[in-house]
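Numbering (the numbering used here), first residue to last: 233 to 491.
The C-beta atom is built at its ideal place from N, Cα and C for all residues, glycine as well.
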């Protein structure tokens, strides 16, 4: 078990529906990061939040998955982000957690964003995923999932909750509040990685990527609206100290989700 986990958050603009250029841009950013354990990219980091899935989707044997494997191996780091995957005649907004060994863990976004008709294009996921990496239990989720606390509830004793997102500027105050709330109620680190810039349908994104500790204290200083990479260090002893001292998770409600 590793007592510390170093995580790089990459808040970036995205080139609309251009996987090749986005991969190149992230390659340039990643090569300048000092050694870390995990690198987190935004939601749909190769395309932006597009509903044009038929034009830009890839398979699990496609170029982006291979690129993530190459980056993970070259820099000895786990790479995290979501892309559009075509599989079994369905499209998925799929988060990939790619380890240096080449192992790929996946999570398909459960809550499709109905405001723009994401559910008409993409198939929703049904399974919550807990990833064990270097002795840390990580729960990866995607953007709109942030509004649904029951789905994120810490019934698996995870250590880190991750949200990758394309969360627009007009509703950014909700993003700020909910990220902090998820950390507090689950007594876990909570990391949100959002994009910046203006996308192909003229939606503006202000970033506000951030991380919070188990008490809801901010541990990042990322500047809104700007491309920026920040490295943070997560501490197992911080989680253990406050869970043992406060024991709030012992009083959580028992429940089962029924689809």
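- request: Any chance you could list the alpha helix (DSSP H) runs of at least 4 consecutive residues sitting entirely within the region 282-328, in chain order?
  value: The alpha helix (DSSP H) runs of length 4 or more contained entirely in the region 282-328 are, from start to end of the chain, 285-288, 295-307.
- prompt: The alpha helix (DSSP H) with residue 369 in it runs from where to where?
  reply: In the DSSP assignment, residue 369 falls outside any alpha helix (DSSP H) and within the unbroken beta strand (DSSP E) covering 368-374.
field: The beta strand (DSSP E) enclosing residue 438, as first and last residue numbers
entry: 436-438 is the extent of the beta strand (DSSP E) around residue 438.
Cut-off 7 Å between Cβ atoms - residues of its own chain near residue 288, not counting five sequence neighbours on either side: The beta carbon of residue 288 sits closer than 7 Å to those of 249, 251, 279, 282, 316, all from its chain and outside the five residues before and after it, given in chain order.
- request: Excluding the 5 residues preceding and the 5 following residue 429 in the sequence, name in chain order all residues of the same chain whose CB lies nearer than 7 Å to its CB.
  value: Correct list, in chain order: 245, 246, 437.
message: So, at 6 Å on beta carbons, what are the nonlocal neighbours of residue 454 in its own chain, with the 5 sequence-adjacent residues on each side left out?
response: By the criterion of a C-beta distance shorter than 6 Å, residue 454 is surrounded in its chain by 243, 441, 460, 462, once the five residues flanking it on both sides are discounted.
- prompt: For residue 246, does the three-state DSSP call read helix, strand or coil?
  reply: Note: residue 246 maps to coil in three-state DSSP.
query: Which of the three DSSP states, helix, strand or coil, is assigned to residue 401?
result: When DSSP states are grouped into helix, strand and coil, residue 401 belongs to the helix group.
message: If you measure between the beta carbons of residue 443 and residue 414, is that distance less than 8 Å?
response: For residue 443 and residue 414, no; Cβs fall outside 8 Å.
Candidates 375, 296, 418, 308, of which the one nearest residue 448 by Cα: Looking at 375, 296, 418, 308, the one whose alpha-carbon comes closest to that of residue 448 is 418.
query: Start and end of the beta strand (DSSP E) containing residue 466?
result: Unbroken beta strand (DSSP E) run through residue 466: 460-467.
message: If I measure Cβ to Cβ from residue 423 and keep anything under 6 Å in the same chain, skipping five residues before and after, which residues do I get?
response: Contacts found: 394, 443.
- prompt: Helix or strand or just coil, what does DSSP make of residue 504?
  reply: For residue 504 there is no data in the structure shown, the boundaries of the chain being 233 and 491.
query: Going by DSSP, what residues sit across from residue 450 in a beta bridge?
result: Beta-bridge pairing links residue 450 to 444.
- request: Label residue 397 either buried or exposed according to how many other C-beta atoms from any shown protein chain fall within 10 Å of its C-beta, with 16 as the threshold for buried.
  value: Counting the other CB atoms within 10 Å of its CB gives residue 397 a total of 16 or more, which places it among the buried residues.
task: Taking only the alpha-carbon atoms, compute the straight-line gap between residue 488 and residue 382 and give it to the nearest angstrom.
output: The straight-line gap separating the alpha-carbon atoms of residue 488 and residue 382 is approximately 10 Å.
task: Drop a sphere of 10 angstroms on the beta-carbon of residue 240, count the other beta-carbons inside from all chains shown, and report buried for 16 or more, exposed for fewer.
output: Under this definition residue 240 is a buried residue.
message: What does the alpha-carbon distance come out to for the pair residue 254 and residue 468?
response: In this structure, the straight-line span from the alpha carbon of residue 254 to that of residue 468 is close to 33 Å.
- prompt: Exposed or buried, which one is residue 372 when buried takes at least 16 other CB atoms within 10 Å?
  reply: Taking a 10 Å sphere around the C-beta of residue 372, we find 16 or more other C-beta atoms and assign the residue as buried.
- prompt: Is it right to say residue 374 is buried, meaning 16 or more other beta carbons lie within 10 angstroms of its own, or is it exposed?
  reply: Buried, because 16 or more other Cβ atoms sit within 10 Å of the Cβ of residue 374.
query: Using DSSP with H/G/I as helix, E/B as strand and the rest coil, what is residue 384?
result: Helix at residue 384.
message: On the DSSP letters alone, give me the boundaries of the beta strand (DSSP E) that residue 353 sits inside.
response: No beta strand (DSSP E) contains residue 353, which is instead part of the alpha helix (DSSP H) from 350-353.
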